[in-house]
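In our numbering, the protein residues as written are 171 to 444. Beta carbons: idealized from backbone N, C-alpha and C, even for Gly. For reference, the structure is listed below as structure tokens.
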Amino acid sequence: MVSSAPLPPGSSGLPFIGETLSFVLDPDFADKRIAKFGNIFRTNILGQPTVVMAGAEANKLILSTHFDSFSWREGWPENFKELLGESLFLQDGAEHRRNRKLLMPAFHGAALQNYFATMVELGDRHLDRCAQLGEFTWLPLMKELTFEIASVLLLGSEVGKDTEMLSKVFADLSDGLFAFPIRLPFTTYSKALKARDRLLAHIETAIATRRANPQNDALGLLVQSRDEDGNALSDAEIKVQALLMLFAGHETTTSMLISTIMCLAQYPDVLAIA
Numbered sequence: 171m172v173s174s175a176p177l178p179p180g181s182s183g184l185p186f187i188g189e190t191l192s193f194v195l196d197p198d199f200a201d202k203r204i205a206k207f208g209n210i211f212r213t214n215i216l217g218q219p220t221v222v223m224a225g226a227e228a229n230k231l232i233l234s235t236h237f238d239s240f241s242w243r244e245g246w247p248e249n250f251k252e253l254l255g256e257s258l259f260l261q262d263g264a265e266h267r268r269n270r271k272l273l274m275p276a277f278h279g280a281a282l283q284n285y286f287a288t289m290v291e292l293g294d295r296h297l298d299r300c301a302q303l304g305e306f307t308w309l310p311l312m313k314e315l316t317f318e319i320a321s322v323l324l325l326g327s328e329v330g331k332d333t334e335m336l337s338k339v340f341a342d343l344s345d346g347l348f349a350f351p352i353r354l355p356f357t358t359y360s361k362a363l364k365a366r367d368r369l370l371a372h373i374e375t376a377i378a379t380r381r382a383n384p385q386n387d388a389l390g391l392l393v394q395s396r397d398e399d400g401n402a403l404s405d406a407e408i409k410v411q412a413l414l415m416l417f418a419g420h421e422t423t424t425s426m427l428i429s430t431i432m433c434l435a436q437y438p439d440v441l442a443i444a
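Right under this line is the structure:
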């Protein structure tokens, strides 16, 4: 049933592309529209009519009190659905709860303890490199660090040429998430589709290795995970869930680290005791 309720204020932008260019290029995209239209406004991103809700009240409405009134699947552009697959962020209701439960063993306290040694080793290696460089830009180095950690734990990669190759492939995949979905040779989107296939093939090989020789990294725990009825994730499910976690963990952790570094630089008294 189509509601007759009025739409929130805002703009649909240009035909087909909407406000996609402003969204991608303007870091103040949301702030400008909140100032103009308020905490709830409409826009159009990648050809998808979109309503943006900002603020603590909106977060509570979406994530708590009216959680079942919203759909994870319908909230993402088609690019994300095709490139990142039928993973947790596209699943609703019982399917979402079932898979979330099967993913949790890879991220509970005991599992995280097992990851610390890898994180510390790779972190120390990157800090030593920073000391040798003397002057550098933090963002690319932190992106490299977080991808290495995620790649080792989630994709079963070996540090070195393996992670360097996967980092370039992952960059091609990421570029396609906000590209126009034009399937022609040499387009950004076509490169992203090829990158997705390469990453999934790599994960498939790593899954087979862990089935033959169980390990306690994140991918190994996903392979071993069972629910109360003894059901497990299929290889196809593990592949797309691992790909999603690689994307989600890499981007968010990089952002957090950069924010922390910036804050420490702004408050030298805190840095002195850090």
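For Asn214, no alpha helix (DSSP H) encloses it; the enclosing beta strand (DSSP E) starts and ends at 210-215. Cα atoms of Val290 and Pro310: separation of roughly 19 Å, rounded to the nearest angstrom. Less than 9 Å separates the beta-carbon of Leu258 from that of Asn269. Listed in chain order, the non-local C-beta contacts of Val222 below 6 Å within the same chain comprise Phe211, local neighbours out to five positions each way being set aside.
Nearest to Glu398 by C-alpha distance, out of Leu254, Leu272, Glu244, is Leu272.
A distance of 9 Å or more separates the beta carbons of Ala382 and Leu325. Taking every protein chain shown into account, the CB of Asp387 has 16 or more other CB atoms within 10 angstroms, so this residue is buried. When DSSP states are grouped into helix, strand and coil, Thr307 belongs to the coil group. Around the beta carbon of Ile443, fewer than 16 other beta carbons sit within 10 angstroms, so the residue counts as exposed. For Gly225, the secondary structure class from DSSP, reduced to helix, strand or coil, is coil.
Counting along the chain, the unbroken alpha helix (DSSP H) around Phe207 starts and ends at 199-207. In the structure shown, the three-state DSSP call for Thr375 is helix.
Under a 10 Å Cβ-count criterion, Arg203 is classified as buried, with 16 or more other Cβ atoms of the shown protein chains found around its own Cβ. A straight line joining the alpha-carbon of Pro384 with that of Leu427 spans about 31 Å. Leu370 and Val410 have their C-alpha atoms spaced approximately 7 Å apart.
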